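Numbering (my numbering), first residue to last: 89 to 226. C-beta atoms are modelled at their ideal positions from N, C-alpha and C, and glycine is treated no differently. Computed from a predicted structure; not experimentally measured.
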């Protein structure tokens, strides 16, 4: 076990716990009839696929670093796909994602125009997991 000193207090380094949500990996699908599916896999702190349902906050961003949340929604909306569910807090812009029992989630963005955004998951430790570009052709 590694010990660290922070502000005069001895603390233990955080262990990587199996079964505790750590992050989300994203895969961006191809556009079909103006819709793009972004598939996510929730991973535990040890990097393994989650083997139970979990929830995390999500939002759409304008940049690949996930630092600028978009204020323009996809004109055809955002919806859950065949895996998991979403609870929208700001319509088509942000919310809570709930995975299936195996940690899978699909989020579908539909837009008829030229539009690029990035799907961002807020991880429990405050870091973010940002998808590749979700680019709709005109």
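Residue 204 sits away from residue 181, with the two beta carbons spaced by 9 Å or more. Leaving aside the five residues that flank residue 169 on each side, the residues in its chain whose CB is nearer than 7 Å to its CB run, in chain order, 125, 194, 195 and 196.
In the structure shown, the three-state DSSP call for residue 117 is coil. Exclusion of the five residues before and after residue 153 leaves 218 as the residues of its chain whose Cβ lies within less than 8 Å of its Cβ. Separation of residue 131 and residue 225 (C-alpha to C-alpha, rounded to the nearest whole angstrom) is 31 Å.
Between the alpha carbons of residue 106 and residue 134 lies a gap of roughly 6 Å. Around the C-beta of residue 175, fewer than 16 other C-beta atoms lie within 10 Å, and the residue is accordingly described as exposed. Taking all protein chains in view, the Cβ of residue 207 is crowded by 16 or more other Cβ atoms within 10 Å, so the residue is classified as buried.
For residue 223, same chain residues with a beta-carbon under 7 Å away, outside a window of 5 residues either side, are 204 in chain order.
Beyond the five residues adjoining it in sequence on each side, residue 146 comes within less than 8 Å, by CB distance, of 174, 182, 183, 184, 185, 195, 207, 208, 209 and 210 in the same chain, given in chain order. In this structure, residue 171 lies away from residue 151, with their beta-carbon atoms at least 9 Å apart.
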